[in-house]
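Using the working numbering, the letters of the sequence shown correspond one by one to residues 28 to 210.
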Amino acid sequence: MRRRAFLLACLMLASVGSLSAQPPRDPYTHFFDDTFGDFQEELQRAREEGKQGIFIFFEMDECPFCHYMKTHVLNQPAVQEYYRKHFLNFAVDIEGDVEIVDFQGRPTTMKDFAFRQYRVRATPVLAFFDLDGKLVHRFTGRTKGVEEFLWLGEYVAEGHYRKMSFTRFKRMKRKGVKSAQGR
Numbered sequence: 028m029r030r031r032a033f034l035l036a037c038l039m040l041a042s043v044g045s046l047s048a049q050p051p052r053d054p055y056t057h058f059f060d061d062t063f064g065d066f067q068e069e070l071q072r073a074r075e076e077g078k079q080g081i082f083i084f085f086e087m088d089e090c091p092f093c094h095y096m097k098t099h100v101l102n103q104p105a106v107q108e109y110y111r112k113h114f115l116n117f118a119v120d121i122e123g124d125v126e127i128v129d130f131q132g133r134p135t136t137m138k139d140f141a142f143r144q145y146r147v148r149a150t151p152v153l154a155f156f157d158l159d160g161k162l163v164h165r166f167t168g169r170t171k172g173v174e175e176f177l178w179l180g181e182y183v184a185e186g187h188y189r190k191m192s193f194t195r196f197k198r199m200k201r202k203g204v205k206s207a208q209g210r
């Protein structure tokens, strides 16, 4: 009888847990912001909206690590909400011939913006720019998952990049998580 009650309680908790978890959402609809490709105007918009900066996801077709980020990280509601609160978020195709305007107001193509201005050769590159269009942090490759990507956003949004490396910041976060779990 106790075992049956225990199993019933476990099933009820599992169903409540699954109801509170939000399903993944398309990153192109819920993570990335709409843009006409004028990053100088986007800087102004970011200032007006009280953002901490601009996040650019440099990607290319057939990139397995870009695909991983879009299907495991950028599609998560918690990620989407955090990044949309703190940054304007844009995708740039490093092979793209689409005309854009860079942070200094110069016309260019996506591929020249990526390759010539920011030396993007491997993807994805996760690049954070301050409200003056200055690159403040760059992370190459995919993150280990949602937690690391959220920490990356926190690292930039809260200005920790001015005082320490991201590796050190992650180490501090992990210690904090472990000590909180040990309570």
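Ideal placement from N, C-alpha and C gives every residue a C-beta, glycine not left out.
Keep in mind it's a predicted model, so treat the numbers as computed, not measured.
Simplified DSSP state of Met191, which is helix, strand or coil: Coil, per DSSP.
With a threshold of 16 other CB atoms inside 10 Å of the CB of Ala149, please say whether the residue is buried or exposed. Only exposed fits Ala149, as fewer than 16 other CB atoms lie within 10 angstroms of its CB.
Can you look up Arg143 in the DSSP assignment and give me helix, strand or coil? DSSP places Arg143 in the helix class (H, G or I) of the three-state scheme.
Could I get the ranges of all uninterrupted beta strand (DSSP E) runs contained in the region 65-113, with 3 residues as the minimum, in chain order? Entirely contained in the region 65-113, the beta strand (DSSP E) runs reaching 3 residues are, in chain order, 80-86.
Could you tell me the distance, in whole angstroms, from the CA atom of Pro54 to the CA atom of Asn102? C-alpha separation (whole angstroms): 5 Å.
Does DSSP put Thr56 in a helix, a strand or coil? Residue state, collapsed to three classes: helix.
At the level of alpha carbons, what is the spacing between His164 and Gly123? Using only the alpha carbons, I get a separation of about 23 Å.
Please classify Ser47 as buried or exposed, where buried requires at least 16 neighbouring CB atoms within 10 angstroms. The pLDDT assigned to Ser47 is 44, lower than 50, so where the model puts this residue is not dependable; a value taken from the coordinates is nonetheless given after this. By the neighbour-count rule (16 or more Cβ atoms within 10 Å), Ser47 is not buried but exposed.
Under 9 Å between the Cβ atoms of Gly180 and Val119? When the beta-carbon positions are compared, Gly180 and Val119 stay at least 9 Å from each other.
Are Asn116 and Phe66 close, meaning C-beta to C-beta below 9 Å? When the beta-carbon positions are compared, Asn116 and Phe66 stay at least 9 Å from each other.
Can you give me the Cβ contacts of His113 inside the same chain, cut-off strictly under 7 Å, excluding the 5 residues immediately before and after it? Around His113: Lys78, Gln79, Gly180 and Ala184.
Strictly by DSSP, which residues pair up with Thr167? BP columns for Thr167 point to Val152.
Secondary structure at Ala184, three-state DSSP: helix, strand or coil? For Ala184, the three-state secondary structure derived from DSSP is helix.
Can you check which of these residues, Ile121, Pro134 and Lys202, is closest to Asp88 by C-alpha distance? A check of alpha carbon separations from Asp88 across Ile121, Pro134 and Lys202 identifies Ile121 as the nearest.
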